[in-house]
Structures are given as structure tokens and as C-alpha cells.
Amino acid sequence: MKKKGGDGRRLSGLNRREFLKASAGALGVGAALIGGGIGFPAIARAAKGKVKNPIKIACQGVASGPLGNNGDFMNKGALLAVEEINGKGGILGSKIEFNFRDDESKVDVAIKNARYFVDTWDADFLIGIDSSGVALALGQIMPDLNRILIVTHGSTNKYNEEIVFKKGIKQCFRSSVPLYQDACAGALVAKDFPAKQWAAILPDYEYGHTSWKLFKQTLKTLRPDVEFVADSFAKSGTVDFSSHIAKVMGANPEAIFSVEWGGELVTLIKQCQLFEVYKKVKYWMAGMGGAMDVLQGLGREYPEGLWGTTRYWFLYPDNPKNKAFVDAYHKRWNNYPSHNSESAYTAVHMIKQAVEKAQTLEIKELIAAMEGMQIDRPAGPCYIRKEDHQAVYSVPWGQIKHDPKYPFPILTNLKVFPAEKYYLHPPFTQAG
Amino acid sequence: MIPAPRNHGNSAQGLGAGLVVTGIFIVPLVLGPFWQYLIANILLLSLFSLSFNLLFGMTGYLSFGHAAFYATGAYVTGMLLLADFSLIVSVALGTAAAGVLAVILGFFCVRHTKVYFSLLTLALGMMIHAIVWKWTSVTGGDDGLVGIMRGSIKIPGVFEISLNSLSHYYYFLAALCLLGIYILYRIVKSPFGLVLNGLRENYGRVEFAGIPIRQYLQVTFFIAGLFAGLAGSLMAPLEKTVAPSVAHWTKSAEPVMASLIGGPFTFAGPIVGALAFIGLKELVVRFTDYWLMVFGIVLMVVVLGFRGGIVGFINDHLRERRRLALREHP
Amino acid sequence: MGERLLYLAVVGLSEGMALWLVAAGLSLTFGVLRVVNFAHGSLYMLGAYLAFHFIRLFGGNYWIGFALGPIALAVVGYVMERFFFRRIYRLDDSFQLLLTFAFVLIFDDLVKFIWGPVHQSVPTPPILSGAIMVVGRPFPAFGLFIIVVGTAAGFALWYLIERTGWGALVQATATDREMASVVGVNVPRLYTGVFMFGAWLAGLGGVLAVPMRSLAPGMGESIIIEAFVVVVIGGLGSLRGAFIGAVLLGMFHAFGVTYLPVFELALAYVTMAIVLIIRPWGMFGVRE
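Protein chains in written order, with the numbering used here: chain C, 247 to 678; chain Z, 1010 to 1339; chain A, 14 to 301.
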């Protein structure tokens, strides 16, 4: 039998002196690491203008792993707003200071970052969050942190329906449209398709399950003749959808619905191409199919005619305000804004508007200022619903088309519905 | 049976430990919530790492699935608290559940060579992760358990202290962590601990001495799982949330790195390592997003040159100094 | 019904083949060097990214990436073995595992640092971009290509190990390193060679993955777990076992998704755990 040497070290029965010195040394090392890098005494800020200066906004998003560019788009959108506002004198004379951290899509990391932001960095506002699970967990502790949280991506409807409306955690807001966009608006689009047999490939977590459930419910009401013939749930991080595609295509559907997003949607669409899914299935709807990272990820490989939506489509609405935003973003970052960018940008502007209205940073008054707030954002006219603090605005569904003007495909044949028509409404007892 | 060595003078060791403990308890009086939270996490990781190192540092068995026990403690405690059980009962049962799991898994794991042991613990750990993710009705699935309340400590009719505020809960957590650490210390210093130590140094000789190794390993596995479960149980009310990531192999990697960095060959090593790990991560994250790379490099440096970790390094240095001093003044 | 099963079997086979190349390198490294290389998944990821890089560099030509990618990985393998692994062979198994783990962490961030967090994608080469009818249903031509390459690699490996002089040396060293060195085998050089070859295989796996999947940092992690399962089922150190194990796992997955979807997540780990408990050396592995 091969003898592999150990390390040749002995578990020293530490004698007292060594133990004392070792622990002192180690504590010193640790304390130096922590203290040296972290602690600056909280500088008392002179009150300049009406509110404290600077106003601190902290943001978290996924900046690593296959969904990593979400955080990147988010960061850039928020920074654009911060620079714009600071360039014009700030909020009531106070400058904005901005900070971004990677939450790795992990609940414990996000909570730790949030505590750091609030307790040590003195953040006045928290924005961001891509993952639904993280949004829910962070939302739960907002009463402890007592700051306003504006979620800019995480799409679970439990955030507005349960955390804000049912549990009454008033510090929570959301600037982006939730899964009503995928499921309910999607059903409104789908009802006009001749297709009767529907299937789905979805991510195997709450967002996937709830979206499909709501889509089926809504579509069945509008079109009693449809049938749902197959579905397949793919675990998080799937890179090979072959088995899922095989399962779903085995039921011969006429139409497929999906809420896979980011890199996983890119992979799914590529593989569907290879399996010639789009030759047989004429109607494909993807809730995140119009997101900038997917459009850029697929590029010329994105088949035309597929339906997709997002949480903000940069060419809609076609008005000067939106154009100005897109141009400014393009000039600053040499790229086009994704939904994450617009949503984070809007969140910062929401903060500005609220502080200007309330003339203070007191939480209760800021909440009152935000409830019902009308805001004209790049995505169009929008208001923050009082009961569940959800931003209400319309986003189009559209079909993919390659356009020589842009280095990625765009959405055309846009279908827009008034947001009130497809959002669910309080008291949320029945799917609209 | 080898007689246990006498404890060399408890006084100075006790003094050092006493200073640290006092420091820990003073924290909420002088520092804000962020620091309390940070030190609570360091204590939890210390306990978690010590439990892991009972296997690795002492017997040489590297478990890549230790988060399974941590997660069991966290989820069971979380679920019980959500069902309005008292805090003490929830923590106790959470820890016990982890212990039970450790007995079951230990039976399967300790039959093999070290490589298979590591792979099997990895597989089992990820299985627990999969269960936790899919069993939505019980564990909340990928959303996890949210809204866990910290509850209170009460003696009916006498008093009730609410632990809802962070500083109150901090004391509870610190007390239990330190108790756990102390118990582990006594175990390590006991005759039982001596045998384990022998396993790492010379497996064959211990076997030859007639000691039933498998049983020792199973008991060790149980203790390791139990205390990891305690750490997890205390985490749930701290964070008020338990998500599936606590069962992922990336969580299992934390005590591994902490023990390595601090030094797996002494008792204090994993504690020092926990401090260094959390401190380093806090620091690095402020400057760069690429903290994985930083840790990879640190790990590489440790494995290639400093396998005794920080504590080992300091010890070697002290030993050198003493050797030189003795040479001059024999 | 039979047609459906056959179709699913082909799907499973193509999933398995991609996995086999990674598992082969892993098994080889363990069989000869006795190192369990966690970083093997990262090598696969690097292979995919480097191939992508070459493809972009040479105007979208997939075949250049196909040729250069694995070679680049062999170079990476050389550096890893010669300058890092060689230092730790005498150490405890656990420390070797930890060194490979350190590489995983470093490579993950390195890829992000060089190519960014945005996922990348490359079209299938024109010759292989269509679909071929398998029992009346379309199946990607590239998927069949993967099956062909995987099988060819399997055959070539078998030939190399069983029928060539170098293969005999490898087998001898795997069985008894000291003896081999006594009879004149330059063991350190052999080790480097084997490791480089394993890296080359992982690189080939990566190159094959590029057209069908999107690239993102962290893709190494998912495949290494699957590769571990394969290698454990087949037996650590057995190439034949890795091949069969990969095919089996691919089939399990394909059939599982259709017929037993709720177990998909845990399937790989449960299988791995069961094998490790009941028969740790797998089907054809070396009993330690």
C-alpha cells in the first residue's frame, strides 16, 4: 500500500506562552485587517442645503457567474443617473454618493452587504437586486434596517403582493415590472395566436413555476380552447437543454412559452435552433427574450419572428425623453441600456423626486412621498401604486427582427397593453 | 491505555482566553450593529471550522460536505421558530437533528480511504442541497425560510428577555458559541483527542495498538456534525432567513479555507482562520470584485508553503527564536 | 413509443459524449498521478474560452479554434503540473485536493477578468449547422458530430493506452510508480505528459461545447460535479469505466427529464453517493 507522508507536523500541545503569543498575534493580524481596511470614524457631516450631504445610495446586483452582466448594466444605469443629477446640483443641493456591490445572487451575501451599507457606510437608500429570492429575503429585514429599498429587477410577485401589501413592510418599493409582464401580458398576446397546444420550458424555481401557472390561468380564461401539453423545468445553471427540448417536442406543441433568462435563455434558444424547434413551432414566447444581454448574446443567431419582452425596451416609447436617455447612456458607456439600466436609473430619479417632495430624509415622509408618485421615466409614464408600492407602466412584447442599424436584433411588431389591464390588482385574491 | 498528559499550567492560557472572551462581550457596548454582526459571523464560522477541523486537522479526513449539517441545524431551527417554538427548544432540536444526520451519514462515510471520503461527503452535501431546494412545501424551496423571529428566553413566572434586538441576540449567540468552542477544546485535549491525533500522524500504529478506529471516526464525525449543526442553528435567528445556499458546496468550502489559512494543526488555528477569512473577504470586497482569485492565491500560497497556516507560521517563528535563544543562553 | 425511446437514447448519448471527454482526463489524471483534480472543470471552461478567442481572432472559423484550443490547454496543463503539482505529490491527498481547488477559484475569476462577465456564444460551423432526422425527428448535426468525436477519442485513447509503448509505460507507472522508476521510466516527465494529455482532452471537451452552449464564468463548476459522478460510477482510474459512466449519466438525464423530472436535481449526487457507498471503486476502478 502506498504510504503517503503526512505533513510531518505534530499537533503541538501548545504550551501557555506559545498559545498566548499565537492568539495575540493572530488577533492582531485579524484586527489589523479589519480595522485598517474598514474603519474610518463616521465623519459628522455638515448639513448643507436642506438635507444631509452627501446623500448615499447603495446598490446590489449579480456581478459574477453566468448572470453577471445584470449587475453590470444595473450599475451603469444608476451611475448615469447619479452623474446627471450631481451635474445639475444634486438633490436639494446635496450631492449623491453611490456604491455598488456584488450580491452573488445569494441571500446571506446580500443581507451582509445591506447591513454594511446601512450601519457602516451610512446609506440612505438601497436599490437593486436581480434575484427574486434575494428580494424577498432582503425585503423581510427592511424594518430592521429602516431604509427605503427599491428593487430594480427581481420579478417575483410575492414581493409586492405579500411583503408590501399583506405584511405591510412599507419600506419596500419596486421600479421594474414583475412577472405580470411575462405571464399576463404574454397571455394577452398569445390569445391572438391560432395555436392551441402550448408547452413550456422554464427555470426550476419559484419564478418559473409561478409565471407558468399565471400564464396558463390567464390564457385559459381568454381562450378556453387551448391545451397545455407539456412542460419541463430546468435546474438553475443548466447548460444543456437537449433533454428538456426532447421532452417538450415529444408532445408536438404548436407554441412554447419560456421565462428562462440571461445566459440560460441564450443557450436554450441556440439549442432549440439546432433541434429545428422553430421549424415546427411557429409561436415562441420568452419573457426575457427582449433583454439586451440576450439580444447581444445571440446576435445574428437569434431567429426572426420569435416573440420576446423585457422590463424596458429601449426603442419604446418613441419619444424625446427616451431617446435622450438612450443617447446619454450610449455616449457614456458605449452600449445600449438594458432593462436593468433603465430601472436603476429610474430608481435614482424616484429617490430625487421623493426627497424633493418630502424635503427631508425621514422614512415615513419619504414613503408618503413615493406612494402614488407619478414619474416620467424613459420607459414612459409611470406611477407607484399606493397599496403595494409597485411601479405601474407598460412594456411591449415584440417579434425579433435583424436591423442593420444595430449590432443586435430588435423587437418589432410591438404589442402594448395598458398596464392596468394585465397587472394583478390588490387585494390579489384572484388572477386578473 | 495511554495516560492523558497533564495540562501545563492553565493560568496563562486561561488569561489569554479570558481576555478574548471579555473582548467579545464588550463589543455591543462600544461598537455598532455592523460590528456585532461581523463578530457574530466570525464566532459562527469559528465554531463551524473547529467542528470541521476535528475531522481534518486531527484525523486527516477532508469533508467537502460539512455544510449539510450546518444547513440542517439552520433549517430545523428556522422551521421550529416559524412554528412558534421557543428559541432554546428550536436551537436544541436543530442541533440534535444535525447530530442525527451525522450519525447516519457517518456510518456510510467513514468506511473508506480519504479520497473517497471527500468525494462522498461532497455528493451527500449536494444531495442535501437538492432536497432543500426542491422540498418547497417544507423548506420554502429557493425562496427559503423568511421572517424568522428571534423569540425570547423566558422562565415562566420569573422573567422574559426578548432577543429581538441584535445586541441581545448577540449575547445569546456569543455565549453558546463560546460554550461550544470550550467543549470542543476539552474533547480535543482528552484521551479521545489524543487517539484522533495519533490517527493523523501514524494510522498504522494506532491500529496496531488495538484501537477500534472505525468507531473513533464515527464518533468524531458525529461530534463534528453536531457542532456544525449548532453553528447553523444559531445562524438562523441571526439572519432571520435561511436559503438553500447554506447547503451548497461553496458553504462547505468556508471552514476548509478558514482552517487552512489559520492552521489545521492547532486548536486555535481554525478560530484565527475564521477571523482572517472574514476579515480578508470584507477587505478585499471593498477594492475588487475578484475576491475569488485572491482567495485562490492565498490558498495556493498556504498549500505550497505554509501548510501550518498563520498559527503554524507564528509557532515556527517562536520555536526558531527560542532555539536561538537557548543556544546563546543554554 | 420505441421510436421515442430511441430518440431519447441518442440525446442522452450526445450529452454523455461531451461529458466523457472531461471525465476521461479526470480519470487519467487520477489513475496515473493519483491526484483528484477539481480544476479539471476549469480546464474545460478555459478550453471553451480559448477556443472562442481563437475563433473570434480568425474571423469566425470554428476549425481553427478546434485545433488550437486543446493545444493551448495542453500548455496550461504543462505549467500547472510542472510548476505547481510537482511540488505536492509527496503530501497528503487532502492538500492536493486543496491545491486543485485553489486553481478553480483562480481560473473562475481569471476568465471573468479577461473576457468579462457577459456570456459569449459562437455559431456552429456551417457544415454542421443543420439537423439530421433520427427516427423521424430532427437532431442537431453538431450533436452527432460530438458523438462521433467522443467515440473516436475513446477508441484512440484505448489504442494509445493498450497498444502503444507509451501506453505501456503509463500503465506501468500507474500500477507501481517506484518500480517503474527503478526500471528506467522517467516518471516526472511521464506525469507531466499525462497531465498535459488530460488537459488536452478537457480542452477538446470545451471546444465541442462552444457552439451548442453559451460560455460563462462558472461553467466549470457544473461540469466538474458531473464528471466526478461519471468517474466515480465508472471507477476512478478506469477510462473504460469513464466512457460507460458518461454514456449512462447522459442517458439517465435524458430519460429522467422526461419520465422522472422531480429527481433531476439530485439524480447525479444520489447516484454518486450510492456508488461510493456500495462499491467505491465503481465498475472498473482500482480497488485501493
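Glycine residues also receive a C-beta, built at the ideal position from the N, C-alpha and C atoms.
For residue i, which of the options has the nearest alpha-carbon?
i: A/L262; options: A/R17, A/G15, A/L19 and A/S27; result: A/S27
i: C/P627; options: C/V641, C/D634 and C/E506; result: C/V641
i: C/L552; options: C/S377, C/A593, C/K569 and C/G533; result: C/G533
i: C/K302; options: C/Y362, C/V472 and C/V353; result: C/Y362
i: C/E408; options: Z/V1155, Z/V1124 and Z/S1095; result: Z/V1155
i: Z/M1158; options: Z/A1285, Z/V1100 and Z/Q1045; result: Z/V1100
i: Z/L1313; options: A/A80, A/L110, A/Y62 and A/F43; result: A/L110
i: C/I515; options: A/V135, A/Y282 and A/L41; result: A/V135
i: Z/E1169; options: Z/H1138, Z/F1126 and Z/L1096; result: Z/L1096
i: Z/T1076; options: Z/W1044, Z/G1103 and Z/I1137; result: The sequence shown places Ala at residue 1076 of chain Z, rather than the Thr named in the question. The residue with the shortest Cα to Cα distance from Z/A1076 is Z/I1137.
i: A/P138; options: A/L182, A/I68 and A/D189; result: A/I68
i: A/N213; options: A/A80, A/G44 and A/E277; result: Residue identity differs from the one stated: residue 213 of chain A is Trp in this sequence, not Asn. Answer by Cα proximity: A/A80.
Measure how close the beta-carbons of residue i and residue j come, nearest whole angstrom, since I'm counting them as under 8 Å.
i: C/R578; j: C/L326; result: 6 Å
i: Z/A1240; j: Z/Y1079; result: 6 Å
i: Z/P1037; j: Z/D1151; result: In fact, because the Cβ distance is near 34 Å, the residues do not count as touching under 8 Å.
i: A/G25; j: A/G218; result: Rounded, the Cβ-Cβ distance is 17 Å, inconsistent with contact.
i: Z/A1132; j: A/Y282; result: 5 Å
i: C/S422; j: C/S589; result: 4 Å
Identify the contact partners of residue i in chain A, using a Cβ-Cβ distance below 8 Å as the criterion.
i: C/F202; result: Since the displayed chain C opens at 247 and closes at 678, residue 202 of chain C lies outside it and no answer follows.
i: Z/M1067; result: Ordered by position in chain A, no residue passes the 8 Å Cβ test against Z/M1067, which lies about 12 Å from the chain.
i: Z/F1230; result: Ordered by position in chain A, no residue passes the 8 Å Cβ test against Z/F1230, which lies about 14 Å from the chain.
i: Z/H1121; result: L289 and P293
i: C/Q306; result: Neighbours of C/Q306 on chain A: none; closest Cβ ~15 Å, over 8 Å.
Just to make sure I have the definition right: I need the residues of chain A whose C-beta is within less than 9 Å of the C-beta of residue i. Which are they?
i: Z/G1149; result: The premise fails here: Z/G1149 is roughly 16 Å from chain A at the closest Cβ pair, so nothing lies under 9 Å.
i: Z/H1257; result: Under the 9 Å cutoff, chain A gives no residues; its nearest Cβ is about 10 Å from Z/H1257.
Would you mind telling me which residues of chain Z sit closer than 7 Å to residue i, beta carbon to beta carbon, in chain order?
i: C/I238; result: Nothing about residue 238 of chain C can be read from this structure; chain C reaches only from 247 to 678.
i: C/E506; result: The premise fails here: C/E506 is roughly 15 Å from chain Z at the closest Cβ pair, so nothing lies under 7 Å.
Would you tell me roughly how many angstroms separate the C-alpha atoms of residue i and residue j, rounded to the nearest one?
i: Z/G1082; j: Z/T1229; result: 18 Å
i: C/A637; j: C/Q427; result: 12 Å
i: C/N498; j: C/C518; result: 14 Å
i: A/Y20; j: C/H490; result: 13 Å
i: C/L391; j: Z/L1091; result: 21 Å
i: Z/S1202; j: Z/R1209; result: Per the sequence shown, the amino acid found at residue 1202 of chain Z is Gly instead of Ser. Cα to Cα, the separation comes out at about 11 Å.
i: C/A665; j: A/V48; result: 59 Å
i: C/K526; j: A/P151; result: 10 Å
i: C/M616; j: Z/I1192; result: 53 Å
i: Z/L1308; j: A/L112; result: 7 Å
i: A/V35; j: A/L56; result: 9 Å
i: C/D318; j: Z/Y1299; result: 14 Å
i: Z/G1023; j: Z/V1029; result: 10 Å
i: Z/I1140; j: A/A240; result: 21 Å
i: C/Y529; j: C/V353; result: 36 Å
i: C/Q645; j: C/D365; result: 46 Å
i: C/G259; j: Z/N1211; result: At C/G259 the pLDDT is 40, less than 50, meaning the model places this residue with poor confidence and gives no usable figure here.
i: Z/D1344; j: C/D539; result: No answer is possible for residue 1344 of chain Z: the residues shown for chain Z start at 1010 and end at 1339.
i: C/F286; j: C/Q417; result: Model confidence at C/F286 stands at a pLDDT of 36, short of 50, so the residue's coordinates are unreliable; what they give is reported in the following sentence. Between C/F286 and C/Q417, the C-alpha separation is close to 28 Å.
i: C/V494; j: C/F474; result: 11 Å
i: A/F96; j: Z/S1261; result: 28 Å
Could you list which residues in chain C have their beta carbon closer than 8 Å to that of residue i, in chain order?
i: Z/Y1046; result: K358, R361 and D365
i: Z/T1130; result: Correct list: empty, because the minimum Cβ distance to chain C is about 19 Å.
i: Z/D1298; result: A309, S310 and D348
At a CB-CB cut-off below 7 Å, which residues of chain A make contact with residue i?
i: C/T513; result: R226 and S227
i: C/Q517; result: M225
Anything in chain B within Cβ reach of residue i, meaning under 8 Å, just list it in chain order.
i: Z/S1254; result: Included in the structure are the protein chains C, Z and A, with no chain B among them.
Using a C-beta to C-beta distance shorter than 7 Å, which residues of chain C count as neighbours of residue i?
i: Z/T1086; result: Ordered by position in chain C, no residue passes the 7 Å Cβ test against Z/T1086, which lies about 15 Å from the chain.
i: Z/G1156; result: Q386
i: Z/T1043; result: Sequence inspection shows Phe at residue 1043 of chain Z; the Thr mentioned does not correspond to that position. Neighbours of Z/F1043 on chain C, chain order: R361, Y362, D365 and T366.
Using a threshold of 7 Å, is the CB atom of residue i nearer than that to any non-hydrogen atom of the ligand COA?
i: C/Y405; result: Among the components modelled here there is no ligand, and therefore nothing to report on the ligand COA.
Could you name the residues of chain C that residue i contacts, counting a contact when the two beta carbons are closer than 9 Å?
i: Z/G1153; result: V353, G379, L382 and A383
Legend entry - Start-end ranges of the alpha helix (DSSP H) lying completely within the region 22-79 of chain A, minimum 4 residues: 53-70
Legend entry - Completely contained beta strand (DSSP E) runs for the region 445-489 of chain C, where each covers 3 or more residues: 473-480
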